[in-house]
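Chains A and B supply the protein sequences, listed in that same order. Every number in the working numbering is 12 more than the matching position in the first sequence, counting from 1. Every number in the working numbering is 12 more than the matching position in the second sequence, counting from 1. Working notes, structure below.
Protein chains: 2
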Amino acid sequence: MTTARVSTGDEGPRSKRAAILTAAVECFGEFGFEGTKWSAVAGRVGIGQTALYHYFETKTHCLLTIMRLELQRSRDQFTEATAGQSDPVEALRAAARAAFAVSEHEILQMRILQNNLSLLAVPRTSAKEETERQAARELVRQIERDWTRLLTRGMSEGAFPVRDPHTLGQALLGLIVSVWRWYRPGGPTPLSEVSDLIEGCCVRMVAE
Amino acid sequence: MTTARVSTGDEGPRSKRAAILTAAVECFGEFGFEGTKWSAVAGRVGIGQTALYHYFETKTHCLLTIMRLELQRSRDQFTEATAGQSDPVEALRAAARAAFAVSEHEILQMRILQNNLSLLAVPRTSAKEETERQAARELVRQIERDWTRLLTRGMSEGAFPVRDPHTLGQALLGLIVSVWRWYRPGGPTPLSEVSDLIEGCCVRMVAE
DNA sequence: GTGTCAAACTGAACTGAACTCAGGTTGTGA
DNA sequence: TCACAACCTGAGTTCAGTTCAGTTTGACAC
Numbered sequence: 013m014t015t016a017r018v019s020t021g022d023e024g025p026r027s028k029r030a031a032i033l034t035a036a037v038e039c040f041g042e043f044g045f046e047g048t049k050w051s052a053v054a055g056r057v058g059i060g061q062t063a064l065y066h067y068f069e070t071k072t073h074c075l076l077t078i079m080r081l082e083l084q085r086s087r088d089q090f091t092e093a094t095a096g097q098s099d100p101v102e103a104l105r106a107a108a109r110a111a112f113a114v115s116e117h118e119i120l121q122m123r124i125l126q127n128n129l130s131l132l133a134v135p136r137t138s139a140k141e142e143t144e145r146q147a148a149r150e151l152v153r154q155i156e157r158d159w160t161r162l163l164t165r166g167m168s169e170g171a172f173p174v175r176d177p178h179t180l181g182q183a184l185l186g187l188i189v190s191v192w193r194w195y196r197p198g199g200p201t202p203l204s205e206v207s208d209l210i211e212g213c214c215v216r217m218v219a220e
Numbered sequence: 013m014t015t016a017r018v019s020t021g022d023e024g025p026r027s028k029r030a031a032i033l034t035a036a037v038e039c040f041g042e043f044g045f046e047g048t049k050w051s052a053v054a055g056r057v058g059i060g061q062t063a064l065y066h067y068f069e070t071k072t073h074c075l076l077t078i079m080r081l082e083l084q085r086s087r088d089q090f091t092e093a094t095a096g097q098s099d100p101v102e103a104l105r106a107a108a109r110a111a112f113a114v115s116e117h118e119i120l121q122m123r124i125l126q127n128n129l130s131l132l133a134v135p136r137t138s139a140k141e142e143t144e145r146q147a148a149r150e151l152v153r154q155i156e157r158d159w160t161r162l163l164t165r166g167m168s169e170g171a172f173p174v175r176d177p178h179t180l181g182q183a184l185l186g187l188i189v190s191v192w193r194w195y196r197p198g199g200p201t202p203l204s205e206v207s208d209l210i211e212g213c214c215v216r217m218v219a220e
């Protein structure tokens with residue numbers, strides 16, 4: 013049950029919100045969102061199904077919350093990794109490496125995010141779902157802008173050949189996140205190798 | 013309603029299978045699989061909901077069929093594009109270009125495939141669903157093998173530096189298909205530009 | 001032309017998972 | 001020790017997907 017992390021601070025002392033999020037990440041990550049029964053998450057936390065509705069308006073609201081939190085974490089990690097880097101190539105390398113410096117739990121969150129990104133395209137009818145969706149969309153936009161900025165800076169400094177920075181940013185992002193579609197911990201290729209290979213790909217894509 | 017394409021040949025003279033597939037592609041592509049009601053597809057074709065079950069065992073069976081057909085089409089296109097190319101770099105370029113030489117209807121199919129790939133990971137209980145899932149998985153494996161082969165050949169001929177060809181193939185595929193997540197016809201960047209940019213990225217990733 | 005039969009279809013009923021309702025319990029903090 | 005908000009529950013509702021028990025249709029043989 014691991015009542016750890018994911019705390020957003022605004023919870024009561026006997027709140028199970030964090031436990032629900034953790035359980036949901038494990039279920040959604042392993043069986044997929046549609047593949048997991050909402051009641052199974054309740055069972056794993058040790059409460060009745062209806063108790064879930066005290067914390068989340070709907071099952072989708074929980075999913076969107078997980079996605080938003082993961083986007084926030086990803087973006088913070090990017091910001092932290094690139095903060096000190098003055099050389100554009102080094103900044104690019106740091107950003108790519110940061111994307112793969114994740115725990116197994118975070119891998120699940122990336123996978124969930126990846127597999128349900130299309131949810132963000134269509135408006136939701138439930139109020140809280142829509143709020144989370146908007147927040148997630150805004151984070152996606154900011155992350156795209158972060159990458160575009162990194163590329164634009166590198167191009168204006170002459171470190172990267174000039175190309176459409178926005179489309180190139182999308183391509184880099186697509187390349188990096190696509191890893192979570194097939195990568196499995198304990199698989200044939202260790203994550204460190206994947207990380208090195210993708211880092212090199214990013215640099216060659218952009219800087220040559 | 014456009015009773016065109018997608019015919020697999022083994023249908024009766026008054027079959028609406030092709031019309032259902034076309035309508036389903038349009039609905040699933042625009043609103044997402046979970047976002048479209050199965051009855052809405054029936055409505056678009058002009059039949060009652062229950063008539064759908066004459067052609068597909070379940071809604072998911074229809075989705076898996078669409079995905080399998082699109083994988084088949086993609087693979088054929090790869091094979092045709094790379095057939096005559098003896099130079100590895102030219103073969104790589106041709107493969108990348110072929111991936112973007114698609115109609116608007118095929119773009120929808122790529123999007124559907126992309127958004128529901130995680131379905132292929134977990135076994136299905138329905139017999140026909142499971143058959144389509146196995147076929148789709150096999151096609152994915154073959155497509156990965158096609159790319160790996162292309163890379164291995166280029167490396168052994170000295171046209172590409174030696175790197176893990178399987179992981180690099182996954183990266184190329186991930187880069188290419190990730191485009192369908194954000195690309196929209198009539199958007200700011202025309203597909204021809206995207207195609208050129210991604211083609212260049214592929215070559216730099218692999219050949220430098 | 002006419003009869004046959006599988007293919008094609010239908011309205012009514014069923015199912016199961018997400019969700020609502022109308023309260024009951026609990027433990028924190030005043 | 002009492003109040004009350006946070007937390008929880010079992011019983012019921014809803015609705016999309018699916019099954020059932022047939023009816024209609026039209027291609028083809030004769």
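For every residue, glycine included, the Cβ atom is placed at its ideal position computed from N, Cα and C.
*Ala52(B) to Gln126(B), Cα distance in whole Å?*
One-based indexing of the second sequence puts residue 52(B) at position 40. One-based indexing of the second sequence puts residue 126(B) at position 114. Taking the straight line joining both Cα atoms gives about 22 Å.
*Quick one: using the 10 Å Cβ neighbour count with 16 as the cut-off for buried, is Arg26(A) buried or exposed?*
Counted from its first residue, the first sequence places residue 26(A) at position 14. With fewer than 16 Cβ atoms within 10 Å of its Cβ, Arg26(A) is classed as exposed.
*asked:* I want to verify the contact list: residues of chain B whose CB lies under 9 Å from the CB of Met217(A), in sequence order.
replied: Numbered from 1 along the first sequence, position 205 holds the residue referred to as residue 217(A). Residues of chain B passing the Cβ test: Leu187, Gly212, Cys213, Cys214, Arg216 and Met217.
*Among Val57(B), Phe43(B), Trp192(B) and Glu23(B), the one whose alpha carbon lies nearest that of Thr34(B)*: By one-based count along the second sequence, residue 34(B) stands at place 22. For the residues Val57(B), Phe43(B), Trp192(B) and Glu23(B), the minimum Cα distance to Thr34(B) belongs to Val57(B).
*Residues of the segment 32–47 of chain A with a CB closer than 7 Å to any CB of chain B: list them in chain order, please.*
Phe43, Gly44, Glu46 and Gly47
*Quick one: using the 10 Å Cβ neighbour count with 16 as the cut-off for buried, is Ser19(B) buried or exposed?*
The residue you call residue 19(B) lines up with position 7 of the second sequence. Confidence is the limiting factor: at Ser19(B) the pLDDT is only 47, short of 50, which leaves the residue's position unreliable and the question unanswerable from this model.
*Measure from the C-beta of Trp194(A) to each C-beta in chain B and report whether the shortest distance is under 8 Å.*
Locating residue 194(A) in the first sequence gives position 182, where the first residue counts as 1. With 8 Å as the cut-off, Trp194(A) counts as an interface residue toward chain B.
_Mapping the DSSP letters down to three states, classify Pro135(B) as helix, strand or coil._
Numbered from 1 along the second sequence, position 123 holds the residue referred to as residue 135(B). The answer is coil: DSSP assigns Pro135(B) none of H, G, I, E or B.
*Should Tyr65(B) go down as buried or exposed, given a rule of 16 or more other Cβ atoms within 10 Å for buried?*
Your numbering for residue 65(B) matches position 53 in the second sequence. Answer is exposed; the Cβ neighbour count stays below 16.
*Output yes if chain B places a C-beta closer than 8 Å to the C-beta of Thr143(A); else output no.*
Reading the first sequence from its first residue, position 131 is the one you call residue 143(A). False, the Cβ-Cβ gap to chain B never drops below 8 Å.
*Does DSSP put Asn127(B) in a helix, a strand or coil?*
Taking the second sequence and counting its residues from 1, the one referred to as residue 127(B) is at position 115. In this structure, Asn127(B) counts as helix in the three-state DSSP scheme.
*Decide if Val152(A) is buried, meaning its Cβ has at least 16 other Cβ atoms within 10 Å, or exposed.*
As a first step, residue 152(A) must be located in the first sequence, where it is residue number 140. With 16 or more Cβ atoms within 10 Å of its Cβ, Val152(A) is classed as buried.
*Closer than 9 Å by beta-carbon distance: list the chain B residues that pair up with Asp158(A), in chain order.*
Here residue 158(A) refers to the residue found at position 146 when the first sequence is read from its first residue. Within chain B, no residue comes near Asp158(A); the closest Cβ sits about 16 Å away, beyond 9 Å.
_N-terminal and C-terminal residue of the alpha helix (DSSP H) that Ser51(B) is part of_ = Along the second sequence, read from residue 1 onward, the residue named residue 51(B) stands at position 39. Trp50 to Val57 is the span of the alpha helix (DSSP H), which, as asked, contains Ser51(B).
*Buried or exposed (CB count within 10 angstroms, at least 16 for buried), Thr137(B)*: Your numbering for residue 137(B) matches position 125 in the second sequence. Its Cβ having fewer than 16 others within 10 Å, Thr137(B) is exposed.
*Please classify Pro25(A): does DSSP put it in a helix, a strand, or coil?*
Here the question's residue 25(A) lines up with position 13 in the first sequence. Pro25(A) falls in the coil class under three-state DSSP.
*Run down chain B in chain order and give the residues with a C-beta less than 8 Å from the C-beta of Ser86(A).*
What you label residue 86(A) is simply residue 74 of the first sequence in a count that begins at 1. Correct list: empty, because the minimum Cβ distance to chain B is about 16 Å.
*Cβ of Leu129(B) within 8 Å of Cβ of Arg193(A)?*
Taking the first residue of the second sequence as 1, we reach residue 129(B) at position 117. Taking the first residue of the first sequence as 1, we reach residue 193(A) at position 181. Yes, they are a contact pair.
_Below 8 Å on the Cβ atoms is my contact criterion, and I expect Met217(A) with Leu184(A) to pass it. Report the Cβ-Cβ distance as a whole number of Å._
Here residue 217(A) refers to the residue found at position 205 when the first sequence is read from its first residue. Here residue 184(A) refers to the residue found at position 172 when the first sequence is read from its first residue. Confirmed, about 7 Å.
*Should Ala16(A) go down as buried or exposed, given a rule of 16 or more other Cβ atoms within 10 Å for buried?*
For the purposes of this step, residue 16(A) is taken as the residue at position 4 of the first sequence. For Ala16(A), the pLDDT reaches just 36, beneath the cut-off of 50, and the residue's location in the model is therefore unreliable, leaving the point undetermined.
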